[in-house]
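Just so we're aligned: 648 in this note's numbering is position 28 of the sequence shown, and the numbers increase by one with no gaps anywhere. Where is the CB? At the ideal position from N, CA and C, for every residue including glycine. From a predicted model like this one, the values you see are computed outputs, not experimental measurements.
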Amino acid sequence: DPLAKRLGFDITFSEHDVIYQDPLPEWRGAFDVVVLRDVIEHLDDAGIALKNIAKLLKPGGVVLLTFPPYTSPFGGHQQLLGTTLGKLPFVHLLPKSMFNRIVTSGDPQNAEEVERLHRIRLSADDIHRAGPAAGLQLLAERYFLLRPVFRWKYQKPVPTIEMTGLKGLRAARALAMEAAFVLRKPAA
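In structure tokens:
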């Protein structure tokens with residue numbers, strides 16, 4: 621990466637499937653931080669992914685992850701279809717036969733991913749189960765009604781509305797447009 625080199629960083633980019641490939645031996649226990657920003661909801665099995673990511677962490681290392689829960693207004697990523705109906709919140713929660721009509725009328729390049737997300741349906745509660753099952757401790761969790769990234773993404777003064785104070789309510793966790801977690805591998 622030319623920018624990284626200009627800034628004096630020695631960065632190596634590589635690609636690895638955290639579900640279907642075992643972590644490389646040289647990566648095991650090598651990382652202090654792993655960041656999954658709006659990635660985990662696209663993975664077929666968040667539990668296996670977190671187990672493999674835990675193998676990459678040094679003792680005391682952390683995973684930072686953010687994602688839109690599937691039941692949030694645009695958790696189905698239906699806006700990627702480029703259709704008028706795809707721009708509506710919660711359309712992805714319609715009965716499957718109705719939602720399939722919207723998917724098939726949209727952009728075919730994104731339709732497959734929207735269908736995958738419909739099968740995966742990742743929730744904050746899934747992360748609550750998968751993290752400990754992977755041997756990771758929950759350090760922090762935050763929930764947002766309006767995502768912090770919207771200000772940057774849309775270059776408009778979109779407010780960030782946090783709703784972490786309501787995290788004890790399942791409905792609040794389900795409707796949050798963004799869930800953010802910090803998970804830690806216990807120190808040895």
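Cβ-Cβ distance between residue i and residue j below 7 Å
| i | j | result |
| --- | --- | --- |
| L705 | N730 | no |
| T686 | R657 | yes |
| V802 | V654 | no |
| A674 | V638 | no |
| Y763 | T780 | no |
| A794 | P622 | no |
Residue i, enclosing beta strand (DSSP E) - first and last residue
| i | result |
| --- | --- |
| K678 | 677 to 687 |
| D652 | 651 to 657 |
N- and C-terminal bounds of the alpha helix (DSSP H) containing residue i
| i | result |
| --- | --- |
| L795 | 790 to 795 |
| A561 | Since the displayed the chain opens at 621 and closes at 808, residue 561 lies outside it and no answer follows. |
| R626 | 622 to 626 |
| V711 | No alpha helix (DSSP H) contains V711, which DSSP labels as neither H nor E. |
| Y774 | 769 to 774 |
Buried/exposed call for residue i, threshold 16 Cβ in 10 Å
| i | result |
| --- | --- |
| E798 | buried |
| A744 | buried |
| Q641 | exposed |
| H636 | exposed |
| Q775 | exposed |
| E732 | exposed |
Neighbourhood of residue i by C-beta distance below 6 Å, restricted to the same chain and skipping five residues each side
| i | result |
| --- | --- |
| G702 | G726, D727 |
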